[in-house]
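Protein chains: 2
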Amino acid sequence: MNKYKVKIIPENIEVQVEENKTLMEVFAENGIEFDFPCGGVGKCKKCKVKIIGKDGAEEEVLACSTKVKGDLIVDTSKKEQKHLILIEGVSRQIKANPSIKKVYVELPNPTLEDHRSDWTRLKESLGYKDGRTSLGLLQELPKKLRGSNFKITAVVVGDEVLGVESGDTSDKLLGMAVDIGTTTIVGYLMDLNTGQELTHVSSLNPQTKYGADVVTRITFASHEKDGLLKLHEEVINEINDLIVKATKQVGYKPEDIYALTIVGNTTMHHLFLKIHPEYVAKAPYVPVVKEPVIVDAKELKITINEVGKVFVLPNIAGFVGADTVGAALAAEMDRGDKLRLLIDIGTNGEIVLGTAERLLACSTAAGPAFEGARITCGMRGAEGAIDHVYLGEEYKYTVIGGDLPRGICGSGLLDVIAGLLEVGIIDRNGKLLPPDQITNELGKKYRDRIVQQDGSWSFVLEENTATGQPVYITQKDIRELQLAKGAIAAGIEILLEAYGAKVEDISEVLLAGAFGNYLTPRSACKIGLIPPELESKIKGIGNAAGVGAKIALLSAEEYQRAVELSQQIQYIELCAVKEFPEVFAKKLKF
Amino acid sequence: MNKYKVKIIPENIEVQVEENKTLMEVFAENGIEFDFPCGGVGKCKKCKVKIIGKDGAEEEVLACSTKVKGDLIVDTSKKEQKHLILIEGVSRQIKANPSIKKVYVELPNPTLEDHRSDWTRLKESLGYKDGRTSLGLLQELPKKLRGSNFKITAVVVGDEVLGVESGDTSDKLLGMAVDIGTTTIVGYLMDLNTGQELTHVSSLNPQTKYGADVVTRITFASHEKDGLLKLHEEVINEINDLIVKATKQVGYKPEDIYALTIVGNTTMHHLFLKIHPEYVAKAPYVPVVKEPVIVDAKELKITINEVGKVFVLPNIAGFVGADTVGAALAAEMDRGDKLRLLIDIGTNGEIVLGTAERLLACSTAAGPAFEGARITCGMRGAEGAIDHVYLGEEYKYTVIGGDLPRGICGSGLLDVIAGLLEVGIIDRNGKLLPPDQITNELGKKYRDRIVQQDGSWSFVLEENTATGQPVYITQKDIRELQLAKGAIAAGIEILLEAYGAKVEDISEVLLAGAFGNYLTPRSACKIGLIPPELESKIKGIGNAAGVGAKIALLSAEEYQRAVELSQQIQYIELCAVKEFPEVFAKKLKF
Chain Y
1 MNKYKVKIIP
11 ENIEVQVEEN
21 KTLMEVFAEN
31 GIEFDFPCGG
41 VGKCKKCKVK
51 IIGKDGAEEE
61 VLACSTKVKG
71 DLIVDTSKKE
81 QKHLILIEGV
91 SRQIKANPSI
101 KKVYVELPNP
111 TLEDHRSDWT
121 RLKESLGYKD
131 GRTSLGLLQE
141 LPKKLRGSNF
151 KITAVVVGDE
161 VLGVESGDTS
171 DKLLGMAVDI
181 GTTTIVGYLM
191 DLNTGQELTH
201 VSSLNPQTKY
211 GADVVTRITF
221 ASHEKDGLLK
231 LHEEVINEIN
241 DLIVKATKQV
251 GYKPEDIYAL
261 TIVGNTTMHH
271 LFLKIHPEYV
281 AKAPYVPVVK
291 EPVIVDAKEL
301 KITINEVGKV
311 FVLPNIAGFV
321 GADTVGAALA
331 AEMDRGDKLR
341 LLIDIGTNGE
351 IVLGTAERLL
361 ACSTAAGPAF
371 EGARITCGMR
381 GAEGAIDHVY
391 LGEEYKYTVI
401 GGDLPRGICG
411 SGLLDVIAGL
421 LEVGIIDRNG
431 KLLPPDQITN
441 ELGKKYRDRI
451 VQQDGSWSFV
461 LEENTATGQP
471 VYITQKDIRE
481 LQLAKGAIAA
491 GIEILLEAYG
501 AKVEDISEVL
511 LAGAFGNYLT
521 PRSACKIGLI
531 PPELESKIKG
541 IGNAAGVGAK
551 IALLSAEEYQ
561 RAVELSQQIQ
571 YIELCAVKEF
581 PEVFAKKLKF
Chain C
1001 MNKYKVKIIP
1011 ENIEVQVEEN
1021 KTLMEVFAEN
1031 GIEFDFPCGG
1041 VGKCKKCKVK
1051 IIGKDGAEEE
1061 VLACSTKVKG
1071 DLIVDTSKKE
1081 QKHLILIEGV
1091 SRQIKANPSI
1101 KKVYVELPNP
1111 TLEDHRSDWT
1121 RLKESLGYKD
1131 GRTSLGLLQE
1141 LPKKLRGSNF
1151 KITAVVVGDE
1161 VLGVESGDTS
1171 DKLLGMAVDI
1181 GTTTIVGYLM
1191 DLNTGQELTH
1201 VSSLNPQTKY
1211 GADVVTRITF
1221 ASHEKDGLLK
1231 LHEEVINEIN
1241 DLIVKATKQV
1251 GYKPEDIYAL
1261 TIVGNTTMHH
1271 LFLKIHPEYV
1281 AKAPYVPVVK
1291 EPVIVDAKEL
1301 KITINEVGKV
1311 FVLPNIAGFV
1321 GADTVGAALA
1331 AEMDRGDKLR
1341 LLIDIGTNGE
1351 IVLGTAERLL
1361 ACSTAAGPAF
1371 EGARITCGMR
1381 GAEGAIDHVY
1391 LGEEYKYTVI
1401 GGDLPRGICG
1411 SGLLDVIAGL
1421 LEVGIIDRNG
1431 KLLPPDQITN
1441 ELGKKYRDRI
1451 VQQDGSWSFV
1461 LEENTATGQP
1471 VYITQKDIRE
1481 LQLAKGAIAA
1491 GIEILLEAYG
1501 AKVEDISEVL
1511 LAGAFGNYLT
1521 PRSACKIGLI
1531 PPELESKIKG
1541 IGNAAGVGAK
1551 IALLSAEEYQ
1561 RAVELSQQIQ
1571 YIELCAVKEF
1581 PEVFAKKLKF
């Protein structure tokens, strides 16, 4: 038998191949990963490669059915480029392989000799041995097949056929990754074929009108008539609105969306699924479900394609939810042997510590100080917020949007308090000193900003503001921040202890979320939110939960990895740790 | 380590066992089949056995947790007896192991140390690694668990949890096997724990008002407004009525039923599932689905327990349906190396021929003659039907119910025609001879029963009838019967030829259905419906399709076997067999 030289690029592999082997066989035998969605029967036309003959002639062929008849070069790059997607923020490249797929097939017409049933014909043409489907699909199958002369596009998940569309519609396959924050909902509209983000949209979580944080929402769900139903419908309707808005922006329709991935904290997760979160808020704080939930969009009244599915990421515990799993996935916490720390700071600070070998997590009741809540002049990191402050020889600050300030957000608060500590205006216990007790030379420069209000001292940041009222921080604000930073710092210490590691063993500190992204590492370390030894190792990774949702949407393997992460991460309930109160008390100090 | 002598009865196995081994380990190591529904963790209390100590003291213990501490005898018979069920009609013993099960479990309460989610807690207590469930169950789970102090009964199929009930309800687990005949629907109400038939109920298929046979019903579905929906709703409503009737008879409620199995011909199957049977009736006669369909009872509006499932048996082809699969299952056509022939005679005669190695099937358009339809004085095998006739020196006949006759049913018709052939009143071509052409001495005795009506000859069976009108058969009736028997006889011949076997290779002829059960084998052979060589090998097996449905209901393995049978049986489309018209013409003769 003749043998020929086949060179595969860009892999740059050269092999001797027997005559008449198909390129599919060549790839399989040489460990080259390549998808054959229809099982290699020449139906889906998805396995196109470029071959370059000895004479330099180029031709586009199907790898499944093309036989080797002479020396040649096979260029698989067209395929590969299409599959690799760069995920920004976490700088990851992933291979697009969504859980939900479309496969175009042309079925042979039934004859007296080939009298397979409609469903057998379809599943066998898709290359499935044991295919699964719904009664609904069977009911519409005969008309669908005959109405399109047996040329159809199947919408599939694994070997389950969800739907059948007339003709070739395989280019229309969108998905949306949804991050349900307690305050904000963000939706990323993705093309599942190309992996490209088409647009993203966001809005206020309409549940906020029933309570600002998860505990008040759980109370509402428990005590108001139809409370759970109301909160559930609010979030569903808002997501449906975001779907309409996003698809409209880029010239698609909601029915072009076939999959949603969902991340959110455990309470948001439960409310989205109309599962009562009552017991999340009561000791021992157990969620109803932590496993991944995959559900028909129709069942949740999510208005995407009628056969669309919703893939909800798994939770870890009552206060470590699918958002943390998403962030851990984005940050690849399950890879590498260097100890890393991931902190997602919001009302709760979720902390994950570990390596590929072992991962621990806990949740700390940080309170909403970092989000600007319960702070006298606090506000979210929006236009008008003082986001950075510098107390040096010169006094400097920046305002989001650049106009006159309206208040101060988390990162600004952190800077001020760190600065006041540095210049000796706040002592280690968090006491704001009266002007006459300040001894630090630099601190003395700021004495006239310290004013008494209602018998307690405050520090004025700016009197000339957009509201006409000065922006300042009070002794009470400092106490709020102490509670928040103490909780997180204690969580870090308890996790390190449980892990059996020391601060200096940590190679990287990943901060997720808006606050984490905008804070000044030096300030975070100065106040002891993060151990000072780690200052140079701090890295903001943006909305990592949302990025995790996008990654899980684009790749079935990554969704599965999220499931494994949720099982792998060992949850430590701080309430059950005897030393916690002591460590917390210690960490309250600056 | 000490070793003890353990004798297991009734298996009568004696083994040496190391001290402290559990009986579960002993059973596993010695190949003794024994179920541990909760995985052997002591929760379900279903693995009770009797142990008899050296001193003769008897005790009932759990096999999963009882350790061997001395010589003993283990009696597993209580368990075994409960599991083995004798299925009458086909004389089969099967092990009750229904697809749907109930498992009572007592879950540990959540604590700060054991903070598993509700669902993790449940699935792990059931011994499932990857359990599955529905969103609906998750939504009700927290209240269900806490409302019953974490003592619940799970309704499961494999590792899928369908429902959760408070406390121990494991003794209430009914199922119904439903045989949807074109004319009659029969429901067998079974206790899935004991395998006992509690009662059976039947009624006229209400679809008959839209057409007597499958073809007229398909026409109705295709041409009438909402025709499919009407036919579908009729059968669903009738089954729901049968469910109410049957459960009432034995003091249960419809919600005590958790599973239905369904058999029926392909058209009945499709109408039950609201799948259009249009293409079953058009060449090349393909069904929409032949695979097994398992669907929530709720989706079909079948009013059993709200988590109940419907297990529809698979089809083989457009005219060989789930009823034939059920009959083949009941008759164990997939066992043995002796060639057997299974015939289910109705409007169509479905024929299966083969051994465990190879099975062939075909469907013959026998027409409804054997059911008494299109026969002048024909009627179904009900009260008043002449069911057996003997034309000897003395003229004898029997009537169902014993009163005056109202008409003649299939088995009676067969006897008359066989008798008339024997006494020379009908010739080999099927011609009813005028009185003056009869030469046979016995035949001459019956001359005065041959009368002319509308220019054609008839044979009068009885003038003194319940209706006041004579019961007789006409030349046309004989032609109808010839068509019916010719079709089946041709089918048998074609199958034998395809199989490469001869008539004399057949070891057994199994006749399913009422007609098959009541016919006189000698008559069937005399007219050539069945080759005469096989007369002594004919065996009626009753409503084998219904028996198959019962077996599949009681045992998940048997349901799976039905699925395999449907794949194993190779369908031969007689329309595609070139020789068929010729063989059929030959078989029309007596």
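As they're listed, the protein sequences go chains Y and C. Quick note: my numbering has the first sequence finishing at residue 590, numbered continuously throughout. Quick note: my numbering has the second sequence finishing at residue 1590, numbered continuously throughout. For every residue, glycine included, the Cβ atom is placed at its ideal position computed from N, Cα and C.
Are any of the Cβ atoms in chain C nearer than 7 Å to that of residue 111(Y)?
The C-beta of residue 111(Y) comes closer than 7 Å to at least one C-beta of chain C.
Review point. In three-state terms, what does DSSP make of residue 1093(C)?
Key: Residue 1093(C): strand per DSSP, three-state reduction.
Open item on the list: Let me see if you follow: with CB-CB separation under 7 Å, is residue 274(Y) close to chain C or not?
Closed with: With 7 Å as the cut-off, residue 274(Y) counts as an interface residue toward chain C.
> Going straight from the alpha carbon of residue 274(Y) to that of residue 236(Y), what length do you get?
Replying inline: Going by the C-alpha atoms only, they are around 10 Å apart.
If you measure between the beta carbons of residue 177(Y) and residue 553(Y), is that distance less than 7 Å? Residue 177(Y) places its beta carbon less than 7 Å from that of residue 553(Y).
So, do the stretch 291 to 308 of chain Y and the stretch 231 to 248 of chain Y have three or more beta carbon pairs nearer to each other than 8 Å? Yes, the stretch 291 to 308 of chain Y touches the stretch 231 to 248 of chain Y.
List the residues of chain C that residue 575(Y) touches, going by C-beta distances under 7 Å, in chain order.
In chain order: 1112.
Rounded C-beta distance between residue 1091(C) and residue 1105(C)? I'm assuming under 8 Å.
-> The pair is not a contact, with the Cβ atoms about 38 Å apart (cut-off 8 Å).
What are the boundary residues of the beta strand (DSSP E) that residue 1539(C) is part of? Per DSSP, residue 1539(C) is one residue of the beta strand (DSSP E) stretching across 1538 to 1540.
Let me make sure I understand the geometry here. Which of 48(Y), 9(Y), 70(Y) has the alpha-carbon closest to that of residue 21(Y)? In this structure, 70(Y) is the residue among 48(Y), 9(Y), 70(Y) with its C-alpha nearest to the C-alpha of residue 21(Y).
* Asked: Taking Cβ to Cβ, would you say residue 334(Y) is nearer than 7 Å to residue 565(Y)?
  -> The answer is yes: Cβ separation under 7 Å.
Requested in this report: Classify residue 1036(C) as helix, strand or coil using the three-state DSSP reduction.
Outcome: If DSSP states are grouped into helix, strand and coil, residue 1036(C) belongs with coil.
Item checked: Sequence ranges, alpha helix (DSSP H) only - wholly within the stretch 496 to 564 of chain Y, length at least 4 -> For the alpha helix (DSSP H) assignment, the uninterrupted runs of no fewer than 4 residues enclosed by the stretch 496 to 564 of chain Y are, from N- to C-terminal side, 513 to 518, 521 to 526, 544 to 554.
Checklist line | residue 370(Y) beta carbon less than 7 Å from that of residue 487(Y) | finding: Contact: no.
Output the distance between the C-alpha atoms of residue 1587(C) and residue 1489(C), rounded to the nearest integer angstrom.
-> Cα to Cα, the separation comes out at about 6 Å.
Alpha-carbon spacing of residue 80(Y) relative to residue 517(Y), whole angstroms:
Only weak support exists for where residue 80(Y) lies, its pLDDT of 44 falling under 50; the value from the coordinates is given anyway. Taking the straight line from one Cα to the other gives about 33 Å.
| message | Looking at residue 499(Y): is its Cβ nearer than 7 Å to the Cβ of residue 360(Y)? | response | Residue 499(Y) is a Cβ neighbour of residue 360(Y), given a cutoff of 7 Å.
> For residue 319(Y), which three-state DSSP category applies?
Replying inline: Of the three classes helix, strand and coil, the one that applies to residue 319(Y) here is coil, per DSSP.
Could one say the Cβ of residue 16(Y) lies closer than 7 Å to chain C's Cβ atoms, at least one of them? Taking Cβ atoms only, chain C never reaches closer than 7 Å to residue 16(Y), which makes this a no.
Going along the chain, which residues of its own chain have a beta-carbon closer than 8 Å to the beta-carbon of residue 190(Y), five neighbours each way excluded?
Here the set comprises 174, 175, 176, 177, 196, 197, 198, 550, 553, 554.
Practice task
Starting from the beta carbon of residue 1290(C), find every residue of chain Y whose beta carbon is closer than 7 Å, and list them in chain order.
Solution key: Residues of chain Y passing the Cβ test: 117, 120.
Would you tell me roughly how many angstroms separate the C-alpha atoms of residue 341(Y) and residue 187(Y), rounded to the nearest one?
When only Cα atoms are considered, residue 341(Y) and residue 187(Y) end up about 27 Å apart.
(request) Evaluate the contact criterion for the stretch 1128 to 1138 of chain C versus the stretch 1158 to 1167 of chain C: three or more CB pairs, one atom per stretch, below 8 Å. (result) Per the Cβ contact rule, the stretch 1128 to 1138 of chain C is in contact with the stretch 1158 to 1167 of chain C (3 or more Cβ pairs under 8 Å).
task = State the start and end residues of the unbroken alpha helix (DSSP H) segment that holds residue 146(Y).
result = Per DSSP, the continuous alpha helix (DSSP H) segment holding residue 146(Y) begins and ends at 135 to 147.
- Task: On a CA-only basis, which of 1504(C), 1403(C), 1055(C), 1458(C) is nearest residue 1464(C)? Give me that one, please.
- Result: Ranking 1504(C), 1403(C), 1055(C), 1458(C) by Cα distance to residue 1464(C) puts 1403(C) first.
On the premise that residue 1424(C) lies in contact with residue 1443(C), defined as a C-beta separation below 8 Å, what is that separation, rounded to the nearest angstrom? Cβ atoms of residue 1443(C) and residue 1424(C) come within 8 Å of each other, at about 4 Å.
So that I know if they touch, is there some Cβ in chain C lying closer than 7 Å to that of residue 531(Y)?
Residue 531(Y) does not count as touching chain C.
For chain Y, is any of its Cβ atoms less than 7 Å away from the one on residue 1137(C)?
At a cut-off of 7 Å, the C-beta of residue 1137(C) has no neighbouring C-beta in chain Y.
Check: Shorter than 7 Å from the beta carbon of residue 142(Y) to some beta carbon of chain C?
Finding: For residue 142(Y), the closest Cβ of chain C is nearer than 7 Å.
Can you check whether the CB of residue 1387(C) is closer than 7 Å to the CB of residue 1512(C)? No, the Cβ-Cβ distance between residue 1512(C) and residue 1387(C) is not below 7 Å.
Any idea what DSSP makes of residue 1579(C), helix, strand or coil? In the structure shown, residue 1579(C) sits in coil (DSSP, three-state: anything other than H, G, I, E or B).
- Item | Residue-level contact to chain C via CB, residue 581(Y), 7 Å cutoff | At a cut-off of 7 Å between beta-carbon atoms, residue 581(Y) makes no contact with chain C.
Requested in this report: With a 10 Å radius around its C-beta and 16 neighbouring C-beta atoms as the bar for buried, classify residue 420(Y) as buried or exposed.
Outcome: Counting Cβ neighbours within 10 Å, residue 420(Y) comes out buried, since at least 16 surround it.
Inset, instruction - Please list, in chain order, all residues of the same chain as residue 1558(C) whose beta carbon is under 8 Å from its beta carbon, the five residues on each side excluded. - result: Excluding its 5 nearest sequence neighbours in each direction, residue 1558(C) has C-beta neighbours in its own chain below 8 Å: 1094, 1329, 1551, 1552, listed in chain order.
Please report how far the alpha carbon of residue 168(Y) lies from the alpha carbon of residue 150(Y), in whole angstroms. Rounded to whole angstroms, the separation of the alpha carbons of residue 150(Y) and residue 168(Y) is 11 Å.
- Message: Suppose only complete runs of 4+ residues qualify. What are the alpha helix (DSSP H) ranges in the stretch 190 to 270 of chain Y, listed by chain order?
- Response: If we require 4 residues or more, the alpha helix (DSSP H) runs fully inside the stretch 190 to 270 of chain Y come out as 214 to 223, 227 to 249.
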